[in-house]
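**Student:** First residue of the sequence shown? That's 1 in the UniProt record's numbering, and the numbers climb one at a time after it. Cβ coordinates follow ideal geometry from the N, Cα and C atoms, glycine included. In this text, all values refer to a predicted model and were calculated from it rather than measured experimentally. Handing you this structure, nothing more for now.
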Amino acid sequence: MLKDGKVWVANNEKGENVFLLPKMANRHGLIAGATGTGKTVTLKVLAESFSDMGVPVFLADVKGDLSGMVTEGLDSEDMQKRIQKFGLEEAGFKYQKYPATFWDVFGKNGIPLRTTVSEMGPLLLSRILGLNDLQRDILTIAFKIADDNSLLLVDTKDLKAMLNYISENKNEFAADYGNISPVSVAAIVRAIVSLEIAGGDKFFFEPALNIRDFFTTGEGGKGMINILDSTSLINNGTLYATFLLWMMSELFETLPEVGDLDKPKMVFFFDEAHLLFDDTPKLLMDKIEQVVKLIRSKGVGIYFVTQNPRDIPDGVLAQLGNKIQHALHAYTPSDMKAVKAAADSFRTNPDFKTADVIQELGTGEAVCSFLDETGTPTVCERVYILPPQSKMGGIDEALRDKEIKGSVMYSKYYEPEDPDSAYEFLERKGLADAEALQKAKEEEAAAKAKAKEEAAALKAKEKEEAAEARKKKQAMKSVGNSVAGTVGREVGKTVGGKFGKFGKTLGGNLGASLGRGLLSTLFKS
């Protein structure tokens, strides 16, 4: 609730108002406490107050009980007691609804919230897929090759097609990008298929979210409360955390530097924040710390909501200037360390022992410390959180459907698009290569057939010419035999005639035979 231009969060034990200064809201914050201690109410009070200031809000609805923000709060005896306790009626407290846009990665309980594979990037995608260092490097190479060839990686089929293409042509890429193991590529493809089976392929699509669409206002100039339905998404903690980290990164990379403003441009609530840091590789942890550290200069405040402050790494926790600590219970030595660590993160209040108070807090009570005008954390106080003005709990499906379809974002993002991207390009290339290969094979076969035909024709011609030569030779031989025989016979007769008639006949026959034999010898040679 707003009072005097400040966020009225709670009252202390003296009945004094406790405020969060709008100009310090982008210095980030922490809402911590055990289950059932009132974290959700605190989140709602802050979100409503930012909306009243005209500041857009993004929050993840993990339990499904934040959707009631689109409906006025319900009066009750308990609420009346709280209104009187805080003096809210005199301050202008009223039940009211807030403008909200419902989003859902799976498109069931909200407007589909999508991004593309290229925009997600290899680092975050590697975490979603659970890749090791080698596989992450190969995935990074795939993104690099796609960029170098102006290929869009929109959805998971684009990425699989790209990886398979690289694997099939690994020798061509080795000189420029290094060796690419087909075994590692196959492992990445299997991880992508597992993601698709889990429904993760639904948010890698066009139209991708334009992060600037979060920066809208509703009726009366109230900041739009963007609610991501995470009741299903939270079942895959890595996917949930990585997707929210992507949105934080998009805000960081998209927004210009604005320095310190009178109020933030947007506030981002990260529920179940411990999931962001579970099994996070150092490279990604460095990126998270960088985003948290620098995004405040873009006018964005990030508030982590978790059970235990120890869930947040020290490098990130040090950036959280505004802290609200609900009750923690200590049943073991480890629990006591957690309580002590939480207490040590506050400036000491001489009036009480912080660690003891944290264990004594009831529902709706907290120990809190906000940054003052100079950016210095105030001494921690035991406080009582204000009630929200909107309805606690969820809404029915009919109202949700009405809110979804009534949003200006519905027509922009509802229908998925499948643009011409890497898959289509590589499919065309594959067909073109196959056609070219088939054409080359056909041309080669035609050339071989033609060569064979020409060889057969040449052989037939040579055979015909040889037969013709033999025929001519035979004819010449026949004529020659006849002539040689006639000549030889006449010569034999002449020589044999000297010995009488018998000698003439014998000489003629012998002469003819010798003539034909001599001619045959000449033809053979």
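When we look at the beta-carbon of Glu172 and count the other beta-carbons within 10 Å, is it buried (16 or more) or exposed?
**Tutor:** Mapped onto the sequence shown, residue 172 falls at position 172. Exposed, because fewer than 16 other Cβ atoms sit within 10 Å of the Cβ of Glu172.
**Student:** For the alpha helix (DSSP H) containing Phe243, list its first residue and its last residue.
**Tutor:** Here residue 243 is taken as the residue at index 243 of the sequence shown, counted from 1. For Phe243, the uninterrupted alpha helix (DSSP H) segment begins and ends at 237 to 254.
**Student:** Would you check if the distance between the CB atom of Val117 and the CB atom of Leu159 is smaller than 8 angstroms?
**Tutor:** Taking the first residue of the sequence shown as 1, we reach residue 117 at position 117. Taking the first residue of the sequence shown as 1, we reach residue 159 at position 159. Contact annotation: Val117 and Leu159 have beta-carbon atoms nearer than 8 angstroms.
**Student:** Relative to the C-alpha of residue 594, which candidate in Thr115, Ala34, Gly64, Glu219 has its C-alpha closest?
**Tutor:** This structure cannot speak to residue 594, because the chain is shown only from 1 to 525.
**Student:** So, for Asp155: in the same chain, excluding its five sequence neighbours on each side, which residues have a beta-carbon less than 6 angstroms away from its beta-carbon?
**Tutor:** Walking along the sequence shown from the start, residue 155 turns up at place 155. Excluding sequence neighbours, Asp155 sits near Phe204, Phe205.
**Student:** From the DSSP output, in three-state form, read off Pro377 for me.
**Tutor:** Your numbering for residue 377 matches position 377 in the sequence shown. The answer is strand: DSSP assigns Pro377 an E or B state.
**Student:** Taking 8 angstroms as the threshold (C-beta atoms), are Phe346 and Val300 in contact?
**Tutor:** Within the sequence shown, residue 300 is the residue found at index 300, counting from 1. Within the sequence shown, residue 346 is the residue found at index 346, counting from 1. Cβ atoms of Val300 and Phe346: not closer than 8 angstroms.
**Student:** Taking 8 angstroms as the threshold (C-beta atoms), are Pro313 and Met285 in contact?
**Tutor:** The count along the sequence shown starts at 1 and reaches residue 285 at position 285. The count along the sequence shown starts at 1 and reaches residue 313 at position 313. Yes, the pair counts as a contact, with Cβ atoms nearer than the cut-off.
**Student:** By alpha-carbon positions, which one of Ile138, Val7, Glu381, Ile395 ends up nearest to Lys14?
**Tutor:** Against the sequence shown, residue 14 aligns to sequence position 14. Here the closest residue by C-alpha is Glu381.
**Student:** Tell me, please, which residues DSSP counts as bridged to Gly29.
**Tutor:** In the sequence shown, residue 29 corresponds to position 29, counting from 1. According to DSSP, which records beta bridges pairwise, Gly29 is partnered with Tyr303, Asn322.
**Student:** In terms of alpha-carbon separation, which member of Gly364, Phe252, Ala330 lies closest to Asp78?
**Tutor:** Your numbering for residue 78 matches position 78 in the sequence shown. Out of Gly364, Phe252, Ala330, Gly364 has the C-alpha closest to the C-alpha of Asp78.
**Student:** Between which two residues does the alpha helix (DSSP H) containing Thr71 stretch?
**Tutor:** To locate residue 71, count along the sequence shown from 1; it is residue 71. Premise fails: Thr71 is in no alpha helix (DSSP H) and is neither H nor E.
**Student:** Looking only at its chain, what residues have a beta carbon closer than 8 angstroms to the beta carbon of Gln359, apart from the 5 residues adjacent to it on each side?
**Tutor:** On the sequence shown, residue 359 is found 359 positions in, with the first residue counted as 1. Once the five neighbours on either side are set aside, the close Cβ partners of Gln359 are Ala327, Leu328, His329, Ala330, Val339.
**Student:** Start and end of the alpha helix (DSSP H) containing Phe143?
**Tutor:** As a position in the sequence shown, residue 143 is number 143, starting the count at 1. 133 to 148 is the span of the alpha helix (DSSP H), which, as asked, contains Phe143.
**Student:** Excluding the 5 residues preceding and the 5 following Gly218 in the sequence, name in chain order all residues of the same chain whose CB lies nearer than 6 angstroms to its CB.
**Tutor:** Looking up residue 218 in the sequence shown gives position 218. So the qualifying residues of the chain are Pro99, Met224.
**Student:** Sort Asp147, Leu131, Ile234 by Cα distance to Arg190 and report the nearest one.
**Tutor:** Taking the sequence shown and counting its residues from 1, the one referred to as residue 190 is at position 190. Out of Asp147, Leu131, Ile234, Leu131 has the C-alpha closest to the C-alpha of Arg190.
**Student:** Let's test the definition: count the other Cβ atoms within 10 Å of the Cβ of Lys429 and tell me whether it reaches 16, buried, or not, exposed.
**Tutor:** Within the sequence shown, the letter at position 429 stands for residue 429. With fewer than 16 Cβ atoms within 10 Å of its Cβ, Lys429 is classed as exposed.
**Student:** Could you give the DSSP three-state label for Asn226: helix, strand or coil?
**Tutor:** Your numbering for residue 226 matches position 226 in the sequence shown. In the structure shown, Asn226 sits in a strand (DSSP, three-state: E or B).
**Student:** Can you pull the DSSP bridge partners for Val267?
**Tutor:** Numbered from 1 along the sequence shown, position 267 holds the residue referred to as residue 267. According to DSSP, residue pairing for Val267 in a beta bridge involves Val57, Gly301.
**Student:** With a 10 Å radius around its C-beta and 16 neighbouring C-beta atoms as the bar for buried, classify Asn12 as buried or exposed.
**Tutor:** Taking the first residue of the sequence shown as position 1, residue 12 is located at position 12. Classification for Asn12: exposed.
**Student:** So Leu399 is in the alpha helix (DSSP H); what residue range does that whole segment cover?
**Tutor:** To locate residue 399, count along the sequence shown from 1; it is residue 399. 397 to 405 is the span of the alpha helix (DSSP H), which, as asked, contains Leu399.
**Student:** Using 8 angstroms for Cβ pairs, my map puts Leu66 next to Lys85. What's the rounded Cβ distance?
**Tutor:** Indexing the sequence shown from 1 puts residue 66 at position 66. Indexing the sequence shown from 1 puts residue 85 at position 85. Not confirmed; about 24 angstroms, so no contact.
**Student:** Could you tell me if Pro419 is buried or exposed, where buried requires 16 or more neighbouring beta carbons within 10 angstroms of its beta carbon?
**Tutor:** For the purposes of this step, residue 419 is taken as the residue at position 419 of the sequence shown. Result: exposed.
**Student:** Figure out for me which residue from Asp271, Gln319, Gly237 has the closest Cα to the Cα of Asp279.
**Tutor:** Translated into positions along the sequence shown, residue 279 becomes position 279. Closest in alpha carbon position to Asp279, among Asp271, Gln319, Gly237, is Gly237.
**Student:** Inspect the beta-carbon positions of Ala342 and Ser230 and report whether they are closer than 8 angstroms.
**Tutor:** As a first step, residue 342 must be located in the sequence shown, where it is residue number 342. As a first step, residue 230 must be located in the sequence shown, where it is residue number 230. Against a cut-off of 8 angstroms, the Cβ pair of Ser230 and Ala342 comes out as no contact.
**Student:** Answer yes or no: do Val105 and Ile138 have a C-beta to C-beta separation smaller than 8 angstroms?
**Tutor:** Taking the sequence shown and counting its residues from 1, one reaches residue 105 at position 105. Taking the sequence shown and counting its residues from 1, one reaches residue 138 at position 138. No. Outside cutoff.
**Student:** Which same chain residues end up closer than 6 angstroms to Ser334 when comparing Cβ atoms and leaving out the 5 residues on each side of it in sequence?
**Tutor:** By one-based count along the sequence shown, residue 334 stands at place 334. For Ser334, where only same-chain residues beyond five positions count, there are no Cβ hits under 6 angstroms.
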